[in-house]
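S.K.:
Numbering (the working numbering), first residue to last: 94 to 689.
(1) Quick one: what's got a C-beta closer than 6 Å to residue 353's C-beta in the same chain, skipping five residues either side?
(2) Can you check whether the CB of residue 323 is closer than 8 Å to the CB of residue 371?
(3) If contacts are defined as beta-carbon pairs under 8 Å, then residue 518 and residue 552 qualify, I think. What distance do you get, rounded to the angstrom?
(4) Assuming residue 523 is part of the alpha helix (DSSP H), what are its boundary residues?
(5) For residue 405, is the classification buried or exposed, using 16 other Cβ atoms within 10 angstroms of its Cβ as the cut-off for buried?
(6) Under the DSSP definition of a beta bridge, which residues are partnered with residue 201?
(7) Would you list the one or two residues that DSSP bridges to residue 737?
(8) In three-state DSSP terms, what is residue 350?
(9) Where do the N-terminal and C-terminal ends of the alpha helix (DSSP H) with residue 630 fall, by residue?
(10) Around the Cβ of residue 651, are there at least 16 other Cβ atoms within 10 angstroms (buried) or fewer (exposed)?
(11) Is residue 440 closer than 8 Å to residue 482 when the C-beta atoms are compared?
(12) Since residue 218 and residue 205 are thought to touch, with beta carbons under 8 Å apart, how far apart are those beta carbons, to the nearest angstrom?
(13) Taking one C-beta from the stretch 671-678 and one from the stretch 386-394 each time, how about it: are there three or more such pairs within less than 8 Å?
(14) Would you identify the three-state DSSP class for residue 675, choosing helix, strand or coil?
(15) Between the stretch 487-499 and the stretch 524-538, are three or more C-beta pairs nearer than 8 Å?
(16) Tell me which residue opens and which closes the beta strand (DSSP E) that residue 410 is part of.
(17) Nearest to residue 486 by CA position, among 547, 593 and 442, is which residue?
(18) When we look at the beta-carbon of residue 550 and count the other beta-carbons within 10 Å, is it buried (16 or more) or exposed?
(19) What separation, rounded to the nearest whole angstrom, lies between the Cα atoms of residue 208 and residue 529?
(20) Using the beta-carbon count (16 or more within 10 Å), is residue 419 buried or exposed?
(21) Specify, as a first and last residue, the run of the beta strand (DSSP E) that residue 608 falls within.
(22) Work out the CA separation of residue 554 and residue 596 for me, nearest whole Å.
(23) Which residues in the same chain have their Cβ closer than 8 Å to the Cβ of residue 508, if we skip the five residues on either side of it in sequence?
(24) When you compare only the Cα positions, how much space is there between residue 452 and residue 443?
(25) Can you tell me where the beta strand (DSSP E) with residue 151 in it begins and where it stops?
(26) Just how far apart, CA to CA, sit residue 183 and residue 662?
(27) Please state the DSSP three-state secondary structure of residue 547.
(28) Where does residue 515 fall in DSSP's three states?
(29) Leaving aside the five residues before and after residue 500 along the sequence, list all residues of the same chain whose C-beta is less than 6 Å from its C-beta, in chain order.
(30) Would you list the residues sitting across from residue 273 in a DSSP beta bridge?
(31) Once the 5 residues before and after residue 657 are set aside, which same chain residues still bring their CB inside 8 Å of it?
(32) Can residue 640 and residue 335 be called in contact, C-beta distance under 8 Å?
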């Protein structure tokens, strides 16, 4: 018996003859009702094949080499023209791959690939082809148009763009003498108000916009004590981190990739690490110029690293969601823990060779352009040794029950052959040294790959590449070679969970070019002050710890009217993120900075 899939047709309609949408429950097998959630659509499978039961399998296009998952089953039609109908909910985040098999003979009836829309209503018509022998047609019908779930993001971007344009226009007006004179005359005409305020002891506004007043515009000094672009970039990464940690409107591209690949959420932490590494040299140079000894500086580095690790374990620990924290469930790795270890190693690596930068190099820029690289060959030698350790452990460490050098997600990936091998050597080392209960319990790979073992993206082996990233500049060519410009087919795919070397070099390249753009704009030409990102960048530890501690408190979170609405989640997350920018600005104005 030969089965073929004839003519995949996409028909848009508002009415279906076999089963009207308004009377759907009367036609469904077993009166089953499907309640749609966020990022889901309703698919009605109509089986007109006489006596042929169908099993429906589903897979996501983004799930690499995954086992198809059973989505539902449909009984065979009892009479010609009266199909059996079964409703199923399908994901709308990525393109879906549907496969219908004959349940009894386990043969493929038809297979199609389609990108469903959120809250859309679709029908899949499975029927024999007239005037043909043993041929089946599968037609997809759109009963109800989906909603545009990305519309709130577009509106938010337009609002942000409008605010930026308004602020730039206002700054332009303030730079005009005629506009300042007009404001000055308007304010000076309020003589009575000034006299009353003077009698009440209020601060006089005279001179604020006087004839000689100029708008307060930040301009870099000849030798800035602190590179403003570094704090701006740090603040940018931090604000993105706060937004995605708060949920990012529940959009998939604001969440971490399930395994290989990059999303917006995968950019922020590596950028933070890159900026931290860039700041090590700048801060050491400043401290040494003030006469601090290297031994005393080592003590400061060790103390700061210790505090970062303690704050990460005690205060910012995701295992609090499992109940009161106890020693047998505490998560040992984490974001701040990795930052602490990375900072300590990179600082200790730099400290023995650190020297105050000569004044001629700072003011006159007469030092050779490659001096910072050629003079750091001992550090580069250590970094190459660390990377060799990562490569050796990742690709040659025997892992029980797993192929050597495995980089996959486990679960249903790789056709389900290695379900308990999530992360290969990286996961094995963490479970061996730290134990299953002391690492992250809900890795991003559970979403698509249905993994069941614990895996920590901030684990021990990945910390090596975190150290490498803090030391790197731009290595774009390496990324191209390692990945083959492919998400899954490269020698070492870009993978945030593993902190693969291709991930590190790719994100280092992005960070380098961002700094390359920010430096002349912010520090050299003074075209942009870095606002509003500069303010959280100056108080990064406080903002990060604060947003983690207070994320479940009002006004950072409130009860939503519709918990399955992207729009409401996006508004809540944007408001919460903006509040932390405002808090950072107020603290900056009050000169309150939390430094460790």
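Where a beta carbon is used, it is the ideal one built from N, C-alpha and C, also for glycine.
M.R.: This is what the structure gives:
(1) Excluding residues within five positions, the ones whose Cβ falls inside 6 Å are 580, 581, 586 and 588.
(2) Yes, the pair counts as a contact, with Cβ atoms nearer than the cut-off.
(3) Rounded, the Cβ-Cβ distance is 10 Å, inconsistent with contact.
(4) Here the alpha helix (DSSP H) through residue 523 covers 518-526.
(5) Sixteen is the threshold: when 16 or more other Cβ atoms of the shown chains lie within 10 Å of the Cβ of residue 405, as they do, the residue is buried.
(6) BP columns for residue 201 point to 194.
(7) With the chain represented from 94 up to 689, any question about residue 737 goes unanswered, as that position is not in the structure.
(8) Reduced to three states, the DSSP call for residue 350 is coil.
(9) 627-631 is the extent of the alpha helix (DSSP H) around residue 630.
(10) Exposure of residue 651 is indicated by the presence of fewer than 16 other C-beta atoms within 10 angstroms of its C-beta.
(11) Cβ distance not < 8 Å, so residue 482 and residue 440 don't count as in contact.
(12) No, residue 218 and residue 205 are not in contact; Cβ-Cβ is about 12 Å, not under 8 Å.
(13) Short answer: they don't touch.
(14) Residue 675 falls in the helix class under three-state DSSP.
(15) Taking a cut-off of 8 Å for Cβ pairs, the stretch 487-499 and the stretch 524-538 do not touch, as fewer than three such pairs fall below it.
(16) Taken as a continuous stretch (DSSP letters only), residue 410 belongs to no beta strand (DSSP E), as it is neither H nor E.
(17) The shortest Cα separation from residue 486 among 547, 593 and 442 belongs to 593.
(18) Flag for residue 550 reads buried.
(19) Counting only the Cα atoms, residue 529 lies some 37 Å from residue 208.
(20) With a 10 Å radius around the Cβ and a threshold of 16 neighbouring Cβ atoms, residue 419 comes out exposed.
(21) For residue 608, there is no enclosing beta strand (DSSP E); the enclosing alpha helix (DSSP H) covers residues 594-611.
(22) Those two C-alpha atoms are separated by around 14 Å.
(23) Excluding sequence neighbours, residue 508 sits near 158, 159 and 160.
(24) Here residue 452 scores only 48 on pLDDT, less than 50, and its place in the model is too uncertain to base an answer on.
(25) That run of the beta strand (DSSP E) goes 147-153.
(26) Straight-line Cα distance between these residues: approximately 21 Å.
(27) Per DSSP, reduced to three states, the secondary structure at residue 547 is coil, with no helix or strand assignment.
(28) Coil at residue 515, not helix or strand.
(29) Non-local C-beta neighbours of residue 500 in its own chain, meaning closer than 6 Å and more than five positions away in sequence, comprise 517, ordered along the chain.
(30) Answer by DSSP bridge pairing: none, since residue 273 is not bridged.
(31) Around residue 657: 129, 130 and 131.
(32) Yes, Cβ-Cβ distance for residue 640 and residue 335 is below 8 Å.
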